[in-house]
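J.:
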Amino acid sequence: MKAKVAVRHALQLAIAIYSLAALPIAASWAQDDGAAASTAAKTGRPRRGGGGIDLETSFPQIASGKWTGKRLADGQPDIAGDWSNPIANHDNTTDPQGGIPGDPTSHRKLGPRSERAPSRVSDPPDGQLPYKPWARAVQQDLETHFFNPIEPQYIEPLDRCAPAGIPKSFYWHGYEIRQYPGKILFLFQSGWRIIYIDDASHHLPANIKLWNGDSRGHWEGNTLVVDVSNLNSKARFGRTAEFTTDRVHVVERYIFSNNGKRYNYVATFTDPTAFTRPFTVTVPARRWTLADPRNGWHFPLKPAHVAAGDHRLIPDYYEFMCIENNGGFGQQLAIGGAPISVSQTH
Amino acid sequence: MKRNSIDGRSFVALATIAALGACLLGSQLALASDSTGSTGKIPRLPNGRPDFSGIWQTLSNADDDLEPHSTRADAPPSAGYVEGGFIPYTPAALEQKQKNFAARGTDDPRLKCWTLGTPRGIYYPEPFEIFQRPEDLTIVFEFGDSVRTIHTNNTLHPVDTDNEFWLGDSRGHWEGDTLVVDVRDFNDETWLSRAGDFHDEALHVVERWKYLNANTIDYKATLDDPNIFSRPWTLEVYLYRHLEKNFQIIENYCYTLPFDKYYPYPKSEQPPQG
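Protein sequences appear in the order of chains A and B.
Numbering-wise (numbering that gives the first Met the number 0), the first sequence opens with residue 0 and increments by one.
Numbering-wise (numbering that gives the first Met the number 0), the second sequence opens with residue 0 and increments by one.
(1) Check whether the Cβ atoms of V180(B) and S192(B) sit closer than 8 Å, and answer yes or no.
(2) I'd like to know if P314(A) contacts chain B, where contact means its C-beta is closer than 8 Å to some C-beta of that chain.
(3) What is the rounded straight-line gap between the Cα of H89(A) and the Cα of F236(A)?
(4) Decide yes or no for the touch test of the stretch 98 to 106 of chain B against the stretch 189 to 207 of chain B: beta carbon pairs closer than 8 Å, at least 3 of them.
(5) Would you call the CB atoms of Y264(A) and V250(A) closer than 8 Å?
(6) State the Cα-Cα distance for the pair V81(B) and R147(B), rounded to the nearest angstrom.
(7) Could you check if I149(A) is buried or exposed, using at least 16 other CB atoms within 10 Å of its CB as the buried criterion?
(8) Using beta-carbon positions only, say whether T92(A) and T239(A) come within less than 8 Å of one another.
(9) Determine whether the beta carbon atoms of H156(B) and H304(A) lie at a separation below 8 Å.
(10) Answer yes or no: do A234(A) and G173(A) have a C-beta to C-beta separation smaller than 8 Å?
(11) How would you list, in chain order, the residues of chain A whose beta-carbon sits under 8 Å from the beta-carbon of Y252(B)?
(12) Looking at chain A, is there any beta carbon in it that lies within less than 8 Å of the beta carbon of Y123(B)?
(13) Mind checking A34(A): buried by the 16 CB within 10 Å criterion, or exposed?
(14) In this structure, does DSSP put Q96(A) in helix, strand or coil?
(15) Starting from the beta carbon of H156(B), find every residue of chain A whose beta carbon is closer than 7 Å, and list them in chain order.
(16) Is it buried or exposed, A307(A), if we count other Cβ atoms within 10 angstroms and call 16 or more buried?
(17) Quick check on Q75(A): buried or exposed, where buried means 16 or more other Cβ atoms within 10 Å of its Cβ?
(18) Look up E114(A) in the DSSP assignment and say whether it is helix, strand or coil.
(19) Can you list, in chain order, the residues of its chain whose CB lies under 6 Å from that of Y317(A), leaving out five sequence neighbours each side?
(20) Flag this pair as touching only if the stretch 246 to 260 of chain A and the stretch 215 to 233 of chain A have three or more C-beta atom pairs under 8 Å; answer yes or no.
(21) Enumerate in chain order the residues of its own chain whose CB-to-CB distance from P257(B) is below 6 Å, with the five nearest sequence positions on each side excluded.
(22) Give the range of the alpha helix (DSSP H) segment to which K244(B) is assigned.
(23) Just the C-alpha distance for W165(B) and D199(B), rounded to the nearest angstrom, thanks.
(24) Does P257(B) come out as helix, strand or coil in the three-state DSSP assignment?
(25) Report the three-state DSSP secondary structure of G295(A) (helix, strand or coil).
(26) W113(B) touches chain A at which residues, Cβ-Cβ below 8 Å?
(27) Would you give the residue range spanned by the alpha helix (DSSP H) that I121(B) belongs to?
(28) Relative to the alpha-carbon of D184(B), which residue among V158(B), E206(B), L242(B) and K209(B) has its alpha-carbon at the smallest distance?
(29) CA-CA distance, H144(A) and P156(A)?
(30) Taking Cβ positions, are L178(B) and G167(B) nearer each other than 8 Å?
(31) Beta strand (DSSP E) containing Q131(B): first to last residue?
(32) Use the C-beta contact count for P166(A): other C-beta atoms within 10 angstroms, 16 or more gives buried, fewer gives exposed.
(33) Which residues mark the beginning and the end of the beta strand (DSSP E) in which K182(A) is found?
(34) Tell me, please, whether the CB atom of N226(B) is closer than 8 Å to any CB atom in chain A?
(35) Does the CB of Q60(A) have a neighbour CB from chain B at under 8 Å?
(36) Span of the alpha helix (DSSP H) holding T105(B)?
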């Protein structure tokens with residue numbers, strides 16, 4: 000019974016095992032290999048990261064300005080639907096298509112840096128995070144132990160089913176935005192997040208710390224501006240282990256194109272405890288629709304049952320469970336480190 | 000005659016009293032009508048359907064034990080929430096339930112912060128928020144990492160019936176102002192209460208969601224599982240809207256607590272120097 004469910008979640012499982020045991024991941028994408036291969040053929044670029052995740056090496060800037068597209072009844076720009084980043088997964092923050100540093104299973108020869116997508120850090124201009132020396136040392140220690148997690152803290156929290164947090168949720172699998180009067184609901188594969196619109200009067204008390212923070216937003220034309228506080232900052236930016244402290248304050252700008260096809264996520268992090276200056280992370284996103292090729296990473300489409308004999312593919316949200324279906328994560332992850340058993344949750 | 004004229008004044012007074020009385024009676028009738036769930040002003044979507052959007056929570060202690068019970072160390076007394084009093088377990092299933100009950104301090108999946116399932120998530124004593132559109136209702140549970148979609152877009156259950164979902168597959172339709180939801184395709188991992196009530200993959204739940212008034216939902220769930228129960232049975236709880244100022248659900252990814260301690264970077268209490 001469990002095995003059946005686990006098969007459905009082989010994707011997530013594979014990702015976790017990959018980051019731990021360094022197993023090749025491509026085999027897990029049987030269902031999506033076709034789409035990935037055809038994407039590779041179309042773009043002429045080698046598939047990176049498996050599963051046709053890396054679809055683009057560059058992306059357009061979108062200017063903040065007026066919104067001329069569809070609106071909801073309450074006046075919000077209509078942004079509901081399925082979205083995903085076209086660049087890469089969370090392997091590497093400053094070289095998103097460069098793979099995981101020190102990956103013992105990778106035989107890929109990297110070409111010139113300019114052939115790959117830019118750093119997710121768009122400011123400072125050099126694409127590097129402006130760490131204070133102590134914070135840089137911590138990040139380096141975590142990154143260098145990624146394939147040799149001799150202590151529990153070297154295991155990426157997402158691999159234990161923790162929420163991907165901010166900003167990683169925007170580049171770990173496709174996600175859905177559902178939109179309501181006064182609220183926007185993000186359904187990520189690793190958790191949910193509510194953005195309260197035009198309710199900036201308060202945040203939660205500062206001592207409450209959350210994986211996804213507390214989000215208050217408002218619209219400026221085509222741009223959703225969100226103030227994020229209350230982050231526990233336990234989630235890392237990627238397998239390269241970038242982090243902030245829980246004193247961080249984030250201002251996100253989601254800049255939507257008026258044709259409704261793309262947006263750029265531009266988030267400024269201010270955290271004087273760990274950084275010498277504020278920095279900005281930019282993540283592009285594109286909308287996925289039924290016109291797109293099936294892709295289990297970006298757009299986990301399921302067939303709906305419309306009527307007898309009518310099994311049209313429509314976006315049909317199936318539950319995403321991680322800790323329940325893949326409780327083995329924790330045990331498998333304890334490579335040479337302290338054992339982490341499910342019973343500890345009691 | 001004089002008496003008659005006095006009667007005239009009395010008549011006005013009486014009429015006024017009668018009118019007031021009628022108003023009072025009328026309002027009482029309106030209340031009575033609300034409490035039977037027939038009418039009353041309830042939130043509605045632009046398409047006229049009842050709008051269940053909001054943050055809801057039971058005041059019941061159904062999660063402690065669905066059946067009538069005396070007080071005990073881990074549960075206050077309750078007259079129960081099962082129509083007819085008790086869950087009609089088959090003899091073999093009753094034995095298992097009693098084993099579960101004995102081991103409830105360690106075996107309840109909620110202790111691992113795992114998804115509570117359907118219907119338990121609804122009467123678990125922690126809030127959930129409903130987001131509603133014409134095509135679906137999304138239930139975001141504060142507890143754990145559970146998001147449940149009730150599809151109201153006239154789609155049917157998936158043809159593939161062995162997904163074994165934790166929350167089941169929920170397809171709803173409207174019968175007047177009642178949302179009727181058919182839920183199937185479960186796994187056998189969830190419990191129905193802290194008392195060890197349980198089911199297996201054959202569970203079939205039919206929920207009926209109906210406003211009693213603008214801030215109260217009458218929630219009924221009929222559970223059928225021929226492997227476990229000798230007949231279908233129904234539980235009923237009321238759900239109350241959270242009206243507190245600035246109330247919001249707060250993510251409770253409690254399953255992260257066991258490994259939370261491994262991620263102390265950095266301790267904000269004593270920020271490293273450098």
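Think of the CB as a built atom: it goes at the ideal place given N, C-alpha and C, for glycine as much as any other residue.
Quantities reported herein were computed from a predicted structural model and do not represent experimental measurements.
T.: From the atom records:
(1) Indexing the second sequence from 1 puts residue 180(B) at position 181. Indexing the second sequence from 1 puts residue 192(B) at position 193. It is not a contact, given that the beta carbons lie outside the stated cut-off.
(2) Numbered from its first residue, the first sequence carries residue 314(A) at position 315. Output row for P314(A): interface = no.
(3) For the purposes of this step, residue 89(A) is taken as the residue at position 90 of the first sequence. For the purposes of this step, residue 236(A) is taken as the residue at position 237 of the first sequence. Using only the alpha carbons, I get a separation of about 7 Å.
(4) yes
(5) In the first sequence, residue 264(A) corresponds to position 265, counting from 1. In the first sequence, residue 250(A) corresponds to position 251, counting from 1. No, the pair does not count as a contact, with Cβ atoms beyond the cut-off.
(6) Position 82 of the second sequence holds residue 81(B). Position 148 of the second sequence holds residue 147(B). Cα-Cα distance, rounded: 24 Å.
(7) Here residue 149(A) refers to the residue found at position 150 when the first sequence is read from its first residue. By the 10 Å Cβ count, I149(A) comes out exposed.
(8) Counting from 1 along the first sequence, the entry for residue 92(A) is found at position 93. Counting from 1 along the first sequence, the entry for residue 239(A) is found at position 240. Taking 8 Å as the Cβ cut-off, T92(A) and T239(A) qualify as a contacting pair.
(9) In the second sequence, counting from the first residue as 1, residue 156(B) sits at position 157. In the first sequence, counting from the first residue as 1, residue 304(A) sits at position 305. Closer than 8 Å, so yes.
(10) Against the first sequence, residue 234(A) aligns to sequence position 235. Against the first sequence, residue 173(A) aligns to sequence position 174. Going by C-beta atoms, A234(A) is not nearer than 8 Å to G173(A).
(11) Sequence index remark: in the second sequence, residue 252(B) carries index 253 (1-based). Per Cβ cutoff of 8 Å: A161, P162, G190 and W210.
(12) Position 124 of the second sequence holds residue 123(B). No, Y123(B) does not count as interfacial toward chain A.
(13) Within the first sequence, the letter at position 35 stands for residue 34(A). Legend: pLDDT at A34(A) = 37, less than 50; position of this residue unreliable, value from coordinates given subsequently. Result: buried.
(14) Translated into the one-based positions of the first sequence, residue 96(A) becomes position 97. Of the three classes helix, strand and coil, the one that applies to Q96(A) here is coil, per DSSP.
(15) Position 157 of the second sequence, counted from the first residue, corresponds to residue 156(B). Here the neighbours are H304.
(16) Mapped onto the first sequence, residue 307(A) falls at position 308. So A307(A) counts as exposed.
(17) The residue given as residue 75(A) occupies position 76 in the first sequence. Burial call: buried.
(18) For the purposes of this step, residue 114(A) is identified with residue 115 of the first sequence, where counting begins at 1. E114(A) falls in the helix class under three-state DSSP.
(19) Locating residue 317(A) in the first sequence gives position 318, where the first residue counts as 1. Counting only Cβ-Cβ distances below 6 Å, and skipping sequence neighbours, we find K301.
(20) yes
(21) Mapped onto the second sequence, residue 257(B) falls at position 258. The answer is none, since no qualifying residue turns up.
(22) Taking the first residue of the second sequence as 1, we reach residue 244(B) at position 245. Looking at the DSSP string, K244(B) is not in any alpha helix (DSSP H), and its letter there is neither H nor E.
(23) Stepping through the second sequence from its first residue, residue 165(B) is reached at position 166. Stepping through the second sequence from its first residue, residue 199(B) is reached at position 200. Each residue's Cα considered, the two are about 11 Å apart.
(24) Start at 1 with the first residue of the second sequence, and residue 257(B) comes out as number 258. Note: P257(B) maps to helix in three-state DSSP.
(25) Stepping through the first sequence from its first residue, residue 295(A) is reached at position 296. Of the three classes helix, strand and coil, the one that applies to G295(A) here is coil, per DSSP.
(26) As a first step, residue 113(B) is located in the second sequence; it is residue number 114 there, counting from the start. Residues of chain A passing the Cβ test: I322 and E323.
(27) As a working note, residue 121(B) is residue 122 in the second sequence. It spans R119 to Y122 - the alpha helix (DSSP H) in which I121(B) sits, taken as one unbroken run.
(28) Position 185 of the second sequence, counted from the first residue, corresponds to residue 184(B). Of the listed residues, the one whose Cα sits closest to D184(B) is V158(B).
(29) Here residue 144(A) refers to the residue found at position 145 when the first sequence is read from its first residue. Here residue 156(A) refers to the residue found at position 157 when the first sequence is read from its first residue. Whole-angstrom Cα-Cα distance: 14 Å.
(30) For this step, residue 178(B) is matched to residue 179 along the second sequence. For this step, residue 167(B) is matched to residue 168 along the second sequence. Going by C-beta atoms, L178(B) is not nearer than 8 Å to G167(B).
(31) Position 132 of the second sequence, counted from the start, is the residue given in the question as residue 131(B). Element bounds for Q131(B): F127 to R132.
(32) Walking along the first sequence from the start, residue 166(A) turns up at place 167. P166(A) comes out buried.
(33) Taking the first sequence and counting its residues from 1, one reaches residue 182(A) at position 183. K182 to F187 is the extent of the beta strand (DSSP E) around K182(A).
(34) Locating residue 226(B) in the second sequence gives position 227, counting from the first residue. No, no contact with chain A.
(35) On the first sequence, position 61 is the one that residue 60(A) refers to. Chain B contact via Cβ: absent.
(36) The residue you call residue 105(B) lines up with position 106 of the second sequence. Here the alpha helix (DSSP H) through T105(B) covers R103 to D106.
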